[in-house]
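For the sequence shown, UniProt numbering gives the first residue as 1, with consecutive numbering after it.
See structure below.
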Amino acid sequence: MVNAGDMNGSGNLMDFLDEPFPDVGTYEDFHTIDWLREKSRDTDRHRKITSRSKESIWEFIKSLLDAWSGWVVMLLIGLKAGTLAGVIDLAVDWMTDLKEGVCLSAFWYSHEQCCWTSNETTFDDRDKCPQWQKWSELLVGQSEGASAYILNYFLYIMWALCFAFLAVSLVRVFAPYACGSGIPEIKTILSGFIIRGYLGKWTLLIKTVTLVLVVSSGLSLGKEGPLVHVACCCGNFFSSRFSKYSKNEGKRREVLSAAAAAGVSVAFGAPIGGVLFSLEEVSYYFPLKTLWRSFFAALVAAFTLRSINPFGNSRLVLFYVEYHTPWYMAELVPFILLGVFGGLWGTLFIRCNIAWCRRRKTTRLGKYPVLEVIAVTAITAIIAYPNPYTRRSTSELISELFNDCGALESSQLCDYINDPNMTQPVDDIPDRPAGPGVYTAMWQLALALVFKIVITIFTFGMKIPSGLFIPSMAVGAIAGRMVGIGVEQLAYHHHDWIIFRKWCRPGADCVTPGLYAMVGAAACLGGVTRMTVSLVVIMFELTGGLEYIVPLMAAAVTSKWVADAFGKEGIYEAHIHLNGYPFLDVKDEFTHRTLATDVMRPRRGEAPLSVLTQDSMTVEDVETLIKETDYNGFPVLVSKDSERLIGFAQRRELILAIKNARQRQDGVVSNSIIYFTEDPPELPPNSPHPLKLRRILNLSPFTVTDHTPMETVVDIFRKLGLRQCLVTRSGRLLGIITKKDVLRHMAQMANQDPESIMFN
Numbered sequence: 001m002v003n004a005g006d007m008n009g010s011g012n013l014m015d016f017l018d019e020p021f022p023d024v025g026t027y028e029d030f031h032t033i034d035w036l037r038e039k040s041r042d043t044d045r046h047r048k049i050t051s052r053s054k055e056s057i058w059e060f061i062k063s064l065l066d067a068w069s070g071w072v073v074m075l076l077i078g079l080k081a082g083t084l085a086g087v088i089d090l091a092v093d094w095m096t097d098l099k100e101g102v103c104l105s106a107f108w109y110s111h112e113q114c115c116w117t118s119n120e121t122t123f124d125d126r127d128k129c130p131q132w133q134k135w136s137e138l139l140v141g142q143s144e145g146a147s148a149y150i151l152n153y154f155l156y157i158m159w160a161l162c163f164a165f166l167a168v169s170l171v172r173v174f175a176p177y178a179c180g181s182g183i184p185e186i187k188t189i190l191s192g193f194i195i196r197g198y199l200g201k202w203t204l205l206i207k208t209v210t211l212v213l214v215v216s217s218g219l220s221l222g223k224e225g226p227l228v229h230v231a232c233c234c235g236n237f238f239s240s241r242f243s244k245y246s247k248n249e250g251k252r253r254e255v256l257s258a259a260a261a262a263g264v265s266v267a268f269g270a271p272i273g274g275v276l277f278s279l280e281e282v283s284y285y286f287p288l289k290t291l292w293r294s295f296f297a298a299l300v301a302a303f304t305l306r307s308i309n310p311f312g313n314s315r316l317v318l319f320y321v322e323y324h325t326p327w328y329m330a331e332l333v334p335f336i337l338l339g340v341f342g343g344l345w346g347t348l349f350i351r352c353n354i355a356w357c358r359r360r361k362t363t364r365l366g367k368y369p370v371l372e373v374i375a376v377t378a379i380t381a382i383i384a385y386p387n388p389y390t391r392r393s394t395s396e397l398i399s400e401l402f403n404d405c406g407a408l409e410s411s412q413l414c415d416y417i418n419d420p421n422m423t424q425p426v427d428d429i430p431d432r433p434a435g436p437g438v439y440t441a442m443w444q445l446a447l448a449l450v451f452k453i454v455i456t457i458f459t460f461g462m463k464i465p466s467g468l469f470i471p472s473m474a475v476g477a478i479a480g481r482m483v484g485i486g487v488e489q490l491a492y493h494h495h496d497w498i499i500f501r502k503w504c505r506p507g508a509d510c511v512t513p514g515l516y517a518m519v520g521a522a523a524c525l526g527g528v529t530r531m532t533v534s535l536v537v538i539m540f541e542l543t544g545g546l547e548y549i550v551p552l553m554a555a556a557v558t559s560k561w562v563a564d565a566f567g568k569e570g571i572y573e574a575h576i577h578l579n580g581y582p583f584l585d586v587k588d589e590f591t592h593r594t595l596a597t598d599v600m601r602p603r604r605g606e607a608p609l610s611v612l613t614q615d616s617m618t619v620e621d622v623e624t625l626i627k628e629t630d631y632n633g634f635p636v637l638v639s640k641d642s643e644r645l646i647g648f649a650q651r652r653e654l655i656l657a658i659k660n661a662r663q664r665q666d667g668v669v670s671n672s673i674i675y676f677t678e679d680p681p682e683l684p685p686n687s688p689h690p691l692k693l694r695r696i697l698n699l700s701p702f703t704v705t706d707h708t709p710m711e712t713v714v715d716i717f718r719k720l721g722l723r724q725c726l727v728t729r730s731g732r733l734l735g736i737i738t739k740k741d742v743l744r745h746m747a748q749m750a751n752q753d754p755e756s757i758m759f760n
C-alpha cells in the first residue's frame, strides 16, 4: 500500500481547486441560490481584502475602492434609471398626442408643448393653437362635422393598432422576458431564484422601447411597474461590472433591491416611497446597509428625473394637488367605504385576471399572443374614443380627477352653477349646485369605470410590458370622484342634516371631490397589491398632499382588511404561484402539526437516497450517479454502511470539478478514486491518481432531526434562505428536504395542487 502523494511524483497531491476555475460557485438557470454559502463566501472575501490591506499602500487603496464600489453602483443606477424614465415620459407624451394630431411647427412636440410655444394661445382656449392640428384638419381641412370625427376616430384606432403590433412583435422576436409587469419575477429573483436573461441588456432595451409604444397605444396599463423592471436591469448591468457583485449572487440581490427602490422613485417621483416599496413589497433580504444604499439610489434617480423635468411643471410629483379645505371627521365614513370598494375591486380583479391568465396558459389562446394584443387594442380603442375620459391617457385622467375646482378651471367636472352675487376669494369657492356639465361628466365617468374594470382584467398579463399601478388608481379615482361629487351635493342641498350641521354651513367650501378621488385611488391600488405603509407614502409624495395622510391610511388599511378576508394573496403573489416559481413568502403562516419525517425524501416505498462516500467511489461511479439523477446535490457519507454524514456536494460543482480535473491534472481517469477527506486514502500499487475534491464540499450543511416540527423547518427555510436541509437521527442520515418539497407540502396542506411548483 502506497501513499497517493508518492504516485504524483511531487511529494504533494495537487488539489487543483486551490486555483479558481470558471463557473465554480455559480448556479444553473431556474435554480435557487444558497444564501448561507453566498454570505460565507462574501465574508471570506472581505477577510482576505482586510488582511491584504495591511501589506502595502496599493492593497489599502484597493480595499478602499472595494468599500466604495457599492456607492458607485448606486450612483450609476440612479443616473441611468432617472434618465431612462425621463426619456420614456417625454416619448409617451408625444406619441399619445400623435394619435390625435401633429404639431406643424415642430412635429416632435406634444400638444401641450406645441401650444406653449405659440404666441396666439389664449388662456380660455389653451388647448387650441394654430400650430397644433388634428389629423382631419391636416388631411381634409375640416375640424368639425361627421366626416372629420370619423376620420379622427379611424386614425386614432390605426395608430393604436400600429403601436401595439410593433410592441408585441419586438417583445416576441427580441426579448420574450420584456413582457408583463416584471414585479412578480423581480420578487422571485430577489428571493434567490435564477432567471438568466430576465435582467439582461436586450430585455432592458426592448422593455424601454415597447413600454413607450404600449402606453401610447391607449391600452389600460401603466408604465410604473415595468419601470421597476427597467431599473433592476440597470442594476444588474452595473453590478456585473464589479467582481464584488458579479461573483456573488447574494450581494447582487442587495443591489437589485436598491434598484427596485430607484424604479419606484422615478415612476412616481416618490424616493421615500420607493425605499419603503422595496422593503415592504419586493425584497426578501434587506439589511440596514441596503436601506441606506436604496435611499441614495432613489435620491439620485429622483434628482436626475427632476433635472430632465419631463412634466414641464418644475415639480417631481406626477399629480400635484393643492386643496384649500381641510377634511372633517364625518368624512371618514365615505373614505372607509371607498376602502371597502378598493378591497372588493382588488379581490374581483385578482380572481378574474388569474382565471383569464390560466385559461391563456392552458388553451390555444396562448399560442396567438400577437392576435390577442391586436384584438384587445382594437376593442380598447373603439370603445375608448367616444368617451373623453377614456380617450385621453390614464395619467391625464387621474390628474383631472384629483384636481380641485378653482375659479379658472374649464373642465366639465367643474361646471357648477355660480351664484352671481358671490364675492368670495378665488381660492375659497363655496359648494355650489352641480350644472349640466357635471351631470354629463358623471354618467361618462360611470361608463369609464365599467370599461376600465373590465378591460384591465384582459389587458394585464398579455405579452407586452404592462403595469397595474395606474389602471388600478384610475378605477379608484373615478369611483372616488363620483362619491365626492355625491357627498358635495348632499352637503349643499341638505346642510341642515345632523351629519353636516356641525361642519358645513351654507356658503362654505366643505367637501373637496378631488380628495375622494385620491383616497379611492389609494384604496384600489392597495386592494390589488396589498401594500399599506409604502402605498400611503407613495400617494402623499405623488400628490404633495401631506395633510391628508389619515384619510389615505384609513382607506389603505380598510382595503387590505376587506381584500384579505377573501384571500391573502396580492396580484403579484398570485402571478408567482400561477407561474410555479419557488417563492417562499415571508407573509404566509404555516400552522399545521406535521414533522420533518412527513416531508423528507425518500418516503416509504421510494428508492434510497442517492449519496456519495468520502473515499470509496471512482470518477466513473460519480459521473454515472450524476447522469442517472437530476438532483442538485448529494450528501457525502463516511460509508454507505455507517450512514454518518460528513457534508454536502453540489451537482454543478462536481461536474465542473471533474471536467477541470481531467483537463488540468495528469493521471485522472475513470477508475480514479474521488476522496473528500483531508488525507488521501491508501491505495494498491499502480492505482490511478486519486482526485481530491474536499474544497467543493460543504462541511456544515444545515441539518434537522426527523422529529423537528415543519413549522420550524419552514421558518428556517424562510429566514436562512436554504436550498435544502438534511434530516438526521443520532448523526445518521435519513433523508433530505428541499425548498421545492417545502412549497409542495404547504400547497398540499392548503388543498392546492402541489405539482404547480415547477422549478427547483
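We treat Cβ as the ideally placed atom computed from N, Cα and C, and that holds for glycine.
This structure is a prediction, so every number in the text was calculated from the model and none was measured.
Going by C-alpha distance, which of the options is nearest residue i?
i, options, result
"Ile308", "Ala375, Thr83, Glu281 and Ser393", "Thr83"
"Arg359", "Ala657, Ile457 and Ile186", "Ile457"
"Ser687", "Gly667, Lys739, Leu170 and Gly182", "Gly667"
"Ser216", "Gly192, Trp159 and Ile655", "Trp159"
"Val171", "Thr728, Ser466 and Val742", "Ser466"
"Tyr439", "Val475, Ile272, Gly486 and Ile398", "Gly486"
"Ala477", "Ile453, Arg41 and Asn751", "Ile453"
"Val168", "Phe60, Thr459, Ser257 and Val550", "Thr459"
"Gly735", "Arg695, Phe648 and Ala661", "Phe648"
"Glu38", "Cys115, Lys244 and Lys201", "Lys244"
"Pro176", "Ile49, Thr304, Leu205 and Tyr149", "Leu205"
"Arg293", "Gly580, Leu75, Arg45 and Pro551", "Leu75"
"Pro685", "Val300, Ala747 and Ser672", "Ser672"
"Thr290", "Val73, Ile354 and Lys201", "Val73"
I'd like to check one pair, residue j with residue i: are the Cβ atoms closer than 7 Å?
i, j, result
"Thr377", "Leu161", "yes"
"Lys207", "Ala178", "yes"
"Gly480", "Leu338", "yes"
"Leu104", "Gln131", "yes"
"Phe335", "Pro551", "yes"
"Leu683", "Thr703", "no"
So, at 7 Å on beta carbons, what are the nonlocal neighbours of residue i in its own chain, with the 5 sequence-adjacent residues on each side left out?
i, result
"Arg196", "Asp29"
"Ala330", "Ile499 and Trp503"
Ordered along the chain, which non-local residues of its own chain (more than five positions away) have a Cβ less than 8 Å from that of residue i?
i, result
"Ala384", "Gly218, Thr390, Arg391 and Phe451"
"Arg718", "Leu584 and Val586"
"Ser246", "Ser239, Ser240 and Arg252"
"Pro425", "Any answer about Pro425 is weak, because its pLDDT of 47 lies below 50 and its placement is not dependable; what the coordinates show is given next. Contacts found: none."
Kindly give me the distance between the Cβ atoms of residue i and residue j, rounded to whole angstroms, as I take these residues to be in contact under 8 Å.
i, j, result
"Thr347", "Gly526", "That belief does not hold up - the Cβ atoms of Thr347 and Gly526 are roughly 12 Å apart, past 8 Å."
"Ser534", "Glu280", "5 Å"
"Met482", "Ala446", "7 Å"
"Ser411", "Glu396", "With a Cβ gap of about 11 Å, Ser411 and Glu396 do not count as contacting."
"Lys223", "Leu213", "Rounded, the Cβ-Cβ distance is 11 Å, inconsistent with contact."
"Leu221", "Gly263", "Rounded, the Cβ-Cβ distance is 16 Å, inconsistent with contact."
"Gly570", "Tyr285", "20 Å between Cβ atoms; not a contact."
"Thr50", "Ser63", "7 Å"
Under 6 Å Cβ to Cβ from residue i, same chain only, skipping five residues before and after it: list those, please.
i, result
"Glu620", "Ser670"
"Phe402", "Phe319, Val321, Gly514, Ala517 and Met518"
"Glu711", "Phe590"
"Lys80", "Cys234"
Would you report the Cα separation of residue i and residue j, rounded to the nearest angstrom?
i, j, result
"Asp93", "Ser110", "6 Å"
"Glu547", "Ala555", "15 Å"
"Phe123", "Phe107", "For Phe123, the predicted structure reports a pLDDT of 49, less than 50, and the residue's modelled location is therefore unreliable. A value from the coordinates is still provided. Approximately 23 Å between the Cα atoms of the pair."
"Gly633", "Ile470", "44 Å"
"Leu697", "Glu185", "31 Å"
"Ala85", "His689", "59 Å"
"Val275", "Val714", "28 Å"
"His575", "Ile183", "10 Å"
"Thr677", "Glu249", "28 Å"
"Ile646", "Lys627", "23 Å"
"Lys560", "Arg530", "6 Å"
"Ala148", "Glu112", "22 Å"
"Glu606", "Asp741", "15 Å"
"Gln444", "Leu199", "41 Å"
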